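Each residue of the sequence shown is one higher than the one before, counting from 898 in our numbering.
Notes to accompany the following structure.
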Amino acid sequence: MPQHESQFDFDFIIIGSGFGGSVSAHRLVEKGYRVAVMEMGRRWSANDLPRSSWLIHRWFWRPKLGLRGFFNMRLFRHVTIFHGCAVGGGSITYAATLLPPPSKVWESGSWAGLADWNSEMSQHYETAARMLGVRENSIIGPADRLLQRTSEAIGCGQRFFPTYVGILEPSHGEPGGNAIPDPFFNGEGPERTTCTACGGCIMGCRFRAKNTLDLNYLYLAEKHGARVFPETRVVDVRPMNGASDGSAGYAVRTITSTAWIRRRPLRFTCQNVILSASSLGTMELLFHLRENGALPAISNQLGKHVRTNSESLIGARVPGCREDLSQGIAIGSRVYIDEQTHIEALRYPRGSDTMSFLSTILTDSRPGSRRIVLWLRNVLASLLRRPFKTFRLFQPFRWARETVILVCMQALEGEIEMHWCRPWFWPFKKLLVSRGDKVPTYIPQANEFAKKFAQVAGGTAMSTLPEILFDVPGTAHCLGGCVIADSPARGVVDAQQRVFGYKNLYICDGSVVSANLGVNPSLTITALTERAMSFIPHLSKAPPSAPQ
Ligand SMILES: Cc1cc2nc3c(=O)[nH]c(=O)nc-3n(C[C@H](O)[C@H](O)[C@H](O)COP(=O)(O)OP(=O)(O)OC[C@H]3O[C@@H](n4cnc5c(N)ncnc54)[C@H](O)[C@@H]3O)c2cc1C
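Here is the structure:
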């Protein structure tokens, strides 16, 4: 903890401004610390967000190609990972579904037995839900009604629910789009607008109706003194003043993430560092720092126990559908089709059709060459029998209006590992590479559900091309890699999220999650960070406290 405030530029430097980073920033500023948040992505306002995914340069993040958006997709041998990259982290692109996991997740994985999780976490889930403005969704769009009818058709009607979301919805009977003063933090927060049900959550909310972190945790942190450095990528974190365990502080080096040539290298000093760069970002940085000798004592469990929520993306397209399936909120409803399997109805806003290039006709059977042959046969048969309908299924325009994506998640154990090596296809540089058993891309009960859904909707069941061709599932929920455990032999951080082998070094993001949650993880990452921050004491000279 800081003893000589003036010795360092900041008391805490937080790397990444997603759920872990923004919660940490708010709670630490509240406790009186001088906080900096380094964020690789850009700062977005409602006015600069793209109207549709065709504006790829404002949606996709690949700065070396001139793409400076807030959404990234990374391809690995075992999984395609979708994640956010912006001031506010994944919250800018997330669907705002905020669900607690089943209580049994605390009894599996390497965190089991390290705390009385179920009783401790309930207060942190409550705080997280209050801060993120979680409410039961009351906007039931056409896609949700189809999900409900399908659930009833397979006898799961009683397990169909509206989702819990962090979205400012209009009161019953109001049309939405009304500007109102901050309804969440006793007027301390920014002005907001009620949801218009445009289905645009995933493309970034252009109405300030979605409860993104830059409107709650991070907003309050900045208001009370935290400094946020956008477009600033951390490339080095090193113990300083001769104390190799970090007890005398750290030097943090950054470069401008969006520049090709003038990358403006900067150096900051701080007493404490919090890594909140997301599961992938934190693993990547720590592998690099262990290898370059900056943090050589990081546990060799780094990169182990990476989980994907056992996700599979399926869905249905209804060419010529009279209703606009994109209307509503991104994920308005969900159903448990069995104990382990949770399905949500997801949509993109009208006009955001580029994801159609990843979608194809659903094909059953176990992955492998047999499934590819079956898929080719299905596509050919469809082309020969109904050429016009097949053309309408594959052409991109109106895709968002005519499609419902079904996000299927399973709370089953299953994990991969990430390694740091030079892959054969890019020997110039070390990169994260996935290893281990394949994550299943074929969930038979999910495929059956998609077929039923398509039948109810009068459309065709769909799947994703990488799942069929390469047996690679897609996930927006990459978790783990720096899991909580009792020792460095089993994990990277302890139960208070302090990095084994170092002082004043913490990890607060999805990488610490130590079991398969089976539901969307952001509420859990927020609650875990609330818990981790509760162990850090107040500084005596705390500023007037910010809202709880
Ligand atoms: C399309 C989509 C929809 C989603 N919908 C939902 C949903 O409805 N509900 C839900 O619970 N979850 C959802 N998620 C997942 C959710 O976004 C993530 O689980 C969550 O954001 C992870 O939080 P985090 O704190 O671990 O990291 P993030 O929120 O990803 O934040 C990490 C930040 O660190 C930054 N960073 C990385 N490396 C560096 C570096 N070296 N220097 C500086 N900055 C760095 C990144 O730019 C990023 O902004 C969705 C994800 C996607 C992609």
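Even for Gly, the Cβ is constructed at its ideal location relative to N, Cα and C.
As the structure is a prediction and not an experimental result, all values here were calculated from the model.
Could you spell out where the alpha helix (DSSP H) holding residue i opens and where it closes?
{"i": "residue 994", "result": "That residue, residue 994, is in no alpha helix (DSSP H); it is neither H nor E in DSSP."}
{"i": "residue 1296", "result": "1296-1299"}
{"i": "residue 1326", "result": "From DSSP, residue 1326 is part of no alpha helix (DSSP H); its letter is neither H nor E."}
{"i": "residue 1348", "result": "1341-1354"}
{"i": "residue 1018", "result": "1014-1028"}
{"i": "residue 1179", "result": "1175-1188"}
{"i": "residue 1236", "result": "Per DSSP, residue 1236 belongs to no alpha helix (DSSP H) and is neither H nor E."}
I'd like the list of long-range same chain contacts for residue i, defined as Cβ closer than 7 Å, with 5 residues on each side in sequence excluded.
{"i": "residue 1342", "result": "1234, 1235, 1238"}
{"i": "residue 1275", "result": "1258, 1260"}
{"i": "residue 1446", "result": "Outside the modelled stretch of the chain, which goes from 898 to 1445, sits residue 1446, for which no answer is possible."}
{"i": "residue 1231", "result": "1058, 1060, 1239, 1240, 1241"}
{"i": "residue 1090", "result": "1074, 1075, 1076, 1104, 1105, 1106"}
{"i": "residue 1036", "result": "1066, 1092, 1094, 1225, 1226, 1229"}
{"i": "residue 1119", "result": "1125"}
{"i": "residue 1451", "result": "Here the chain covers residues 898 to 1445 and nothing more, so residue 1451 does not appear."}
{"i": "residue 963", "result": "954"}
Excluding sequence positions up to five away, which residues of its chain have a Cβ less than 6 Å from the Cβ of residue i?
{"i": "residue 1249", "result": "949, 950, 1100, 1297"}
{"i": "residue 916", "result": "1419, 1422, 1423"}
{"i": "residue 1069", "result": "none"}
{"i": "residue 899", "result": "No answer about residue 899 holds up, because its pLDDT of 43 lies below 50 and its placement is not dependable."}
{"i": "residue 1441", "result": "Any reading at residue 1441 needs caution, since the residue's pLDDT is 45, under 50, leaving its predicted position unreliable; the model's value is listed next. So the list is empty, once near-sequence residues are dropped."}
{"i": "residue 1368", "result": "1264, 1338"}
{"i": "residue 970", "result": "979"}
{"i": "residue 1445", "result": "Low local confidence applies: a pLDDT of 46 at residue 1445 is under 50, so the model's placement there is unreliable, with the coordinate-based value given in what follows. Result list for residue 1445: empty, nothing under 6 Å."}
{"i": "residue 1184", "result": "1317"}
{"i": "residue 905", "result": "1146, 1166, 1167, 1168"}
{"i": "residue 1280", "result": "1287"}
Under a three-way DSSP split, which group does residue i fall into?
{"i": "residue 1266", "result": "helix"}
{"i": "residue 928", "result": "coil"}
{"i": "residue 1254", "result": "helix"}
{"i": "residue 949", "result": "coil"}
{"i": "residue 1431", "result": "helix"}
{"i": "residue 1314", "result": "strand"}
{"i": "residue 1331", "result": "strand"}
{"i": "residue 1051", "result": "coil"}
{"i": "residue 1085", "result": "coil"}
{"i": "residue 1167", "result": "strand"}
{"i": "residue 1136", "result": "strand"}
{"i": "residue 1078", "result": "coil"}
{"i": "residue 954", "result": "helix"}
{"i": "residue 1286", "result": "helix"}
{"i": "residue 1111", "result": "helix"}
{"i": "residue 1338", "result": "coil"}
{"i": "residue 975", "result": "coil"}
{"i": "residue 1361", "result": "strand"}
{"i": "residue 1040", "result": "helix"}
{"i": "residue 1005", "result": "coil"}
{"i": "residue 980", "result": "strand"}
{"i": "residue 1304", "result": "strand"}
{"i": "residue 909", "result": "strand"}
{"i": "residue 1099", "result": "helix"}
{"i": "residue 1414", "result": "coil"}
{"i": "residue 900", "result": "Only weak support is given to the placement of residue 900: the predicted model assigns it a pLDDT of 45, under 50, and the value that follows is read from those uncertain coordinates. Coil."}
{"i": "residue 1146", "result": "coil"}
May I ask which residues mark the beginning and end of the beta strand (DSSP E) holding residue i?
{"i": "residue 969", "result": "968-972"}
{"i": "residue 1059", "result": "1057-1059"}
{"i": "residue 863", "result": "This structure cannot speak to residue 863, because the chain is shown only from 898 to 1445."}
{"i": "residue 1245", "result": "Looking at the DSSP string, residue 1245 is not in any beta strand (DSSP E), and its letter there is neither H nor E."}
{"i": "residue 1063", "result": "Unbroken run through residue 1063: none, as it is neither H nor E."}
{"i": "residue 1402", "result": "1402-1404"}
{"i": "residue 1124", "result": "1124-1126"}
{"i": "residue 1209", "result": "1209-1214"}
{"i": "residue 1222", "result": "Residue 1222 -> no beta strand (DSSP E), and no H or E assigned at all."}
Excluding sequence positions up to five away, which residues of its chain have a Cβ less than 8 Å from the Cβ of residue i?
{"i": "residue 1437", "result": "929"}
{"i": "residue 1349", "result": "1047, 1050, 1051"}
{"i": "residue 1429", "result": "921, 1393, 1394, 1403, 1405"}
{"i": "residue 1133", "result": "1148, 1149, 1150, 1186, 1189, 1191"}
Hey, does residue i have any beta-carbon neighbour from chain C nearer than 8 Å?
{"i": "residue 981", "result": "The structure shown contains no chain C; it is built from a single protein chain."}
Can you find at least 3 beta carbon pairs, one from the stretch 1205-1224 and one from the stretch 1359-1366, that sit closer than 8 Å? yes
Cβ contact (3+ pairs, closer than 8 Å) linking the stretch 1297-1311 and the stretch 1390-1407: no
Check whether the stretch 928-945 and the stretch 1122-1139 touch, using three or more Cβ-Cβ pairs below 8 Å as the test. yes
Cβ contact (3+ pairs, closer than 8 Å) linking the stretch 1139-1150 and the stretch 967-983: no
Touching or not, the stretch 1283-1290 and the stretch 1384-1398, by the rule of three or more beta carbon pairs under 8 Å? no
For the 8 Å Cβ check, are there 3 or more pairs between the stretch 1150-1159 and the stretch 1379-1390? no
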